[in-house]
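Student: Structure below; questions to follow.
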Amino acid sequence: MREIQDTWAKRAKSEGYRSRAAYKLIDINKKFKLIEQSKLIIELGSAPGGWSQVIGKKKQKGSKCVAIDILAMEHVANIEFTQCDIFSNDFEELTSSYVGNVDLILSDMSVNLSGIKLVDDESNKELNLKCLDVAKRLLSDKGALLIKAFNNNTFKSVRSEFESYFETVYVEKPPASKTSSAEVYLLGLIPK
Ligand SMILES: C[S@@+](CC[C@H](N)C(=O)[O-])C[C@H]1O[C@@H](n2cnc3c(N)ncnc32)[C@H](O)[C@@H]1O
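In C-alpha cells:
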C-alpha cells in the first residue's frame, strides 16, 4: 500500500505537480469535464497548488479561476490567488461580485485534526456545509460543486443536504485517494 501511495508522490514530482492531490482532480475531471465547461471557477483551499495547476492547464481560454487559501500559495499560471479564510468577511467581500455567476466551485479542504475523532468529524462536516452555503450564494443555475468529504458518521447528513440542493449527486473515490482513508469526493450538479 505504502508503495502505491509513494508512486503517486513520485509521479507528481516527476510531472511537476505540487501535490499528489492533483491526480484526484485529474481523474474526476476526466469523467465529468467540469473545468473545460466552466467560465468562472472558484477553488477553496488551494495551497500548495496541485489542483490549481490542473485547472490552470485545462481551463478554456478567457475563463477565470479565483483560488483561495488561508495559507500563502506560490503563483500558478492562469490562476488569481487570494489569501483568506473562507469563514471571513474578506471572503464575502472578495466573492460579492460573483453572486449567481460561478460555474464551478471546488474544495479540497479539510480541517486541522485535533485527534479527537468526534470533534474532527463534526468540524469537517461544518466545513462541508460551509462549502454548500458558498455554492448556494455563488453558483449559476447550471453550476457544480465538488468537495472533499469523509465517509463517516456525518456523511449521510452531508450527502442528504447535497441531494436536497442539487439535481444529481455523485460520490467519487479517485485512485490517488488512499484506500485506507474515509476521504471521498462529493459532486453536486445543477441546483434544483
Ligand atoms: C489538502 S490541502 C489542498 C491541496 C490542494 N488541492 C492541492 O492539490 O495542492 C487543503 C487546504 O485547505 C486550506 N483550508 C482549510 N481550511 C480553510 C479555510 N477555512 N479557508 C481557506 N483555506 C482553508 C488549508 O490551508 C490547505 O492548504
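Under the numbering used here, residues 55 to 246 are what the sequence shown spells out, in order.
We treat Cβ as the ideally placed atom computed from N, Cα and C, and that holds for glycine.
Fair warning: this is a prediction, and the values are worked out from it, not measured in the lab.
(1) So, using beta-carbon positions, are GLU97 and ILE109 closer together than 8 Å?
(2) Under 8 Å Cβ to Cβ from VAL116, same chain only, skipping five residues before and after it: list those, please.
(3) Report whether the distance from the Cβ of PHE204 to the nearest heavy atom of ligand 1 is below 7 Å.
(4) Between TRP62 and ligand 1, is there a pair consisting of the residue's CB and a ligand heavy atom that are separated by less than 7 Å?
(5) Going by beta carbon distance, what residues of the same chain come within less than 7 Å of ASP123, once the five residues before and after it are set aside?
(6) Is any heavy atom of ligand 1 found at a distance shorter than 7 Å from the C-beta of VAL102?
(7) Shorter than 7 Å, the distance from the beta carbon of SER164 to the closest heavy atom of ligand 1, or not?
(8) Are there 16 or more other CB atoms within 10 angstroms of the CB of THR208, so buried, or fewer, so exposed?
(9) State the Cα-Cα distance for the pair LYS210 and ALA131, rounded to the nearest angstrom.
(10) Quick one: is SER235 buried, meaning 16 or more other Cβ sit within 10 Å of its Cβ, or exposed?
(11) Starting from LEU193, follow its DSSP beta bridges and name the residues at the other end.
(12) For SER73, which residues of its own chain have a beta-carbon under 7 Å away from its beta-carbon, when the five flanking residues on both sides are left out?
(13) For ASP81, is the beta carbon positioned less than 7 Å from some heavy atom of ligand 1?
(14) Go ahead and label PHE141 buried or exposed: buried means 16 or more other beta carbons lie within 10 angstroms of its beta carbon, across all protein chains shown.
(15) I'd like to confirm something about LEU94: is its beta-carbon nearer than 7 Å to some heavy atom of ligand 1, or not?
(16) Taking DSSP's pairing of strands, which residues face GLN114 in a bridge?
(17) If you drop the 5 nearest sequence neighbours on each side, which residues of the same chain put their C-beta closer than 7 Å to that of TRP62?
(18) May I have a chain-ordered list of the alpha helix (DSSP H) segments no shorter than 4 residues that lie completely inside the stretch 85–150?
Tutor: Quick answer:
(1) Within the sequence shown, numbered from 1, the residue matching residue 97 stands at position 43. Within the sequence shown, numbered from 1, the residue matching residue 109 stands at position 55. Between GLU97 and ILE109, the C-beta spacing is below 8 Å.
(2) Sequence index remark: in the sequence shown, residue 116 carries index 62 (1-based). The sequence as given places Gly at residue 116; Val does not occur at that position. Exclusion of the five residues before and after GLY116 leaves LYS93 as the residues of its chain whose Cβ lies within less than 8 Å of its Cβ.
(3) Position 150 of the sequence shown, counting from 1, holds the residue named residue 204. Checking every heavy atom of ligand 1 against the Cβ of PHE204, none is found closer than 7 Å.
(4) Locating residue 62 in the sequence shown gives position 8, where the first residue counts as 1. No.
(5) For the purposes of this step, residue 123 is taken as the residue at position 69 of the sequence shown. Within the same chain, ASP123 has close Cβ partners GLY99, SER100, ALA101 and GLN137.
(6) Here residue 102 is taken as the residue at index 48 of the sequence shown, counted from 1. Correcting the residue identity first, residue 102 is Pro in this sequence and not Val. Correct: PRO102 has its Cβ closer than 7 Å to ligand 1.
(7) Numbered from its first residue, the sequence shown carries residue 164 at position 110. Under cutoff, so the answer is yes.
(8) Numbered from its first residue, the sequence shown carries residue 208 at position 154. By the neighbour-count criterion, in which a residue is buried when 16 or more other Cβ atoms sit within 10 angstroms of its Cβ, THR208 is buried.
(9) Indexing the sequence shown from 1 puts residue 210 at position 156. Indexing the sequence shown from 1 puts residue 131 at position 77. If you take the alpha carbons of LYS210 and ALA131, they lie about 37 Å apart.
(10) Here residue 235 corresponds to residue number 181 of the sequence shown, with the count starting at 1. Answer is exposed; the Cβ neighbour count stays below 16.
(11) As a first step, residue 193 is located in the sequence shown; it is residue number 139 there, counting from the start. Beta-bridge pairing links LEU193 to VAL156.
(12) As a working note, residue 73 is residue 19 in the sequence shown. Excluding sequence neighbours, SER73 sits near ALA66, PRO102 and GLY104.
(13) To locate residue 81, count along the sequence shown from 1; it is residue 27. Not so, every heavy atom of ligand 1 lies at least 7 Å from the Cβ.
(14) To locate residue 141, count along the sequence shown from 1; it is residue 87. Label assigned to PHE141: exposed.
(15) Here the question's residue 94 lines up with position 40 in the sequence shown. The nearest non-hydrogen atom of ligand 1 is 7 Å or more from the C-beta of LEU94.
(16) As a first step, residue 114 must be located in the sequence shown, where it is residue number 60. None; GLN114 has no bridge partner.
(17) Here the question's residue 62 lines up with position 8 in the sequence shown. Exclusion of the five residues before and after TRP62 leaves ARG74, TYR77 and ALA230 as the residues of its chain whose Cβ lies within less than 7 Å of its Cβ.
(18) Fully enclosed alpha helix (DSSP H) runs of no fewer than 4 residues occupy 104–112 and 143–149 of the stretch 85–150, in order along the chain.
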